[in-house]
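Residue numbers (our numbering): 1 to 461.
Following: one structure in C-alpha cells, then a few remarks.
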RNA sequence: UCCCCAGUAGCUCAGUUGGCAGAGCAGGUGGCUGUUAACCACCGCGUCCGUGGUUCGAGUCCGCGCUGGGGAGCCA
C-alpha cells in the first residue's frame, strides 16, 4: 500500500512527484469534456489540491458522480498545473471512493451562517473557517507549551476535581455520585459524608491555588487545562467549559508579572501570525478586515500600563457617556474597559493596582493599604484577556484578608501553610485561551473557537 | 438572570394596508467548457417554530411557550 501524503506537504513541493497518494474529502467537482476537476481537502491545511480525473479511469462513471463531502483516496502524479489559480495538481491514475456523500450533505459550496454551523457542530470542522480555527487552536496550544518549556517552567497538572468549597471565582459545578434525592439527610448530618469523596466536591474554576504550591517548590510553573464555571452567563465571551493558561512564578513581583504577561501575549500573537499565515489570511479576508492591523499593533507596540486610579481619572474626564457611573472603588465595567482599549488608547492596556475591596483575598495588599497588586490585560475587541496579581505572601495579612472577604480559612490550612514555611513574593496570571483565539482569528463568538462548546442550556454533541 | 431582535424550501433570505407561498444557492436532467464560489436551459422542493386567540380570511395582528442571536450583569 502506498503511503499517504498530506496535501500541506505537497503544496510546498518544489519539484514534480512521479507517484503519490492523498486521502481526503471532495470539496467540489467540475466536469470538462473528457475529464473532471476534483478539489480534495484533507484538513492538513486550508487549501485543497486540484485532481484531474480523466475519462480513461476504470471507475470514471462513478468519479463523475462524486459530490461535496465524498471521501476518496487519489493515487497519481504531482505535476505543474496549466490552470491559473494553483501551482500544482494531481493527475490521477486511480481514485478509490470510500463513500459518496449523498445529496442531503448539509455543507454546501457556499457561505453558511455561524448559527447554522453550530447546529451541526459535528460537521463544521469540515468547513474552511472552522478547519482554520482548530488548526490555529492546535498550533497555539502547542506553542504555549514550547514557550514555557524554553523558559524552564515546569508544567503542572492541577486537579479537575476539587474539595475546596469556594475558590473565589464564580459558581461551581457539583461533582457527585449521589442521586438527587440522596442529598437530603434527615438527621441533619452532612449529606455529602456518603458521597464519593466523603465531602462536597466540585469541578475546578482555577488551578491557581494548587499552582502556587508548586511555584513555591519548583520556582516557575504553569498549568494549561480545562476549567468550569456554572455561571448563567449568556454572552459571546463566556462558556461553561473553557481552557486557561496559568503561569505562577516564585520570586516575582507585579511589575515582573506584567512584563511577562505582555511578552507572552506578544510572542503568541507573533507566532500565530507566522506559523498560521494561510489560515490567518482567511480570517483577515472574510471574518475581520482589520485583523492584521490589530495583530501587528499588538506585536509592535508596547502595551499601555496605567493604574486603576489613572484609568478612573481618564474615564471621568472623558466626554463619552457611560450607562454605569464611574467612581473610585467600583470595578470597571465592560464599557469602561472597551473605551480604554478601543477608543482612548487603541491598543492593549494593562490596568493595575485595584481597590482591595473589589478583588479576591489572595491578591497582595499594597503599602497604601487601599489597593492590591492586581492587573488586568485588556485588548481591543475582546476585553479582559488576562487577569493576574502578585499573591499575598504574608501569613498575617492573608488571614486578615480571608476574614475580610468572609472566607472559611479552615479549608485553606494547606494554602496558609505555604505562607509559614519559606514564603516568598510570587505572582501569576490566568489567560483565557479561547479569548486569545478570538483575538488572533477575529472570531467574535467564543462558541466558534471551541470544538464542542458548552454554554448554559446547551451541551449537544 | 434582565433588556432587545429573529424563527418562511436542504441552506441564505424576500414576502406590501391581513387576500392563491417566492428568489438565489444546493439537488436532478440536458448542454457547453483547462475549470476553479464555473456557466446556460429545464425540473422538483414547504407542519411559514409551537400553541391559543382576533377575523369572512393570518406567514402577516394579539397572548403564551420553545429555540437561536445580540447587549448587560458575573468573569477568563
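All C-beta atoms in this analysis are idealised placements derived from N, C-alpha and C, irrespective of residue type, glycine included.
- Between the C-alpha atoms of residue 418 and residue 222 there is a straight-line separation of about 18 Å.
- For residue 73, the enclosing beta strand (DSSP E) starts and ends at 71 to 80.
- Contact between the segment 300 to 309 and the segment 337 to 352 is present: 3 or more CB-CB pairs across the two stretches fall below 8 Å.
- As the crow flies, the alpha-carbon of residue 11 is around 8 Å from that of residue 49.
- DSSP places residue 412 within a helical segment (H, G or I) once states are collapsed to three.
- When 364, 380, 288, 7 are compared, the shortest CA-CA separation from residue 396 is found for 364.
- In this chain, the alpha helix (DSSP H) harbouring residue 128 covers 128 to 150.
- When rounded, the separation of the alpha-carbon atoms in residue 310 and residue 443 is 31 Å.
- Rounded to whole angstroms, the Cβ separation of residue 108 and residue 68 is 7 Å, and the two are in contact under 8 Å.
- Counted as a single uninterrupted DSSP element, the alpha helix (DSSP H) harbouring residue 397 occupies residues 395 to 404.
- In the DSSP annotation of this structure, the continuous segment of the beta strand (DSSP E) that includes residue 21 starts and ends at 17 to 31.
- In the structure shown, the three-state DSSP call for residue 228 is strand.
- Contact between residue 341 and residue 378 is confirmed by a C-beta separation of about 5 Å, below the 8 Å threshold.
- Nearest in C-alpha terms to residue 99, of all of 245, 17, 66, is 66.
- Judged by DSSP secondary structure, residue 94 falls within the beta strand (DSSP E) whose first and last residues are 88 to 99.
- Within the same chain, 456 come within 7 Å of residue 232 by CB-CB distance, once the 5 residues on both sides are set aside.
- In the structure shown, residue 266 adopts helical secondary structure according to DSSP, grouped into three states.
- Looking at the DSSP output, residue 391 bridges to 363.
- Look at residue 162 here: in three-state DSSP terms it is strand.
- In the three-state reduction of the DSSP assignment, residue 213 falls in the helix class, which pools H, G and I.
- Contact fails between the segment 226 to 241 and the segment 250 to 269, because fewer than three Cβ pairs, one in each stretch, are under 8 Å apart.
- Burial of residue 70 is indicated by the presence of at least 16 other C-beta atoms within 10 angstroms of its C-beta.
- For residue 438, the enclosing alpha helix (DSSP H) has its first and last residue at 433 to 441.
- The way I'd put it, the segment 426 to 441 does touch the segment 242 to 259; three or more beta-carbon pairs between them come closer than 8 Å.
- Here residue 136 really is in contact with residue 279; their C-beta atoms are around 5 Å apart, less than 8 Å.
- Burial check for residue 82: the Cβ neighbour count within 10 Å stays below 16, so the residue is exposed.
- Rounded to the nearest angstrom, the gap between the Cα atoms of residue 257 and residue 407 is 26 Å.
- Distance from the Cα of residue 244 is smallest, within the candidate group 293, 3, 285, 450, for 450.
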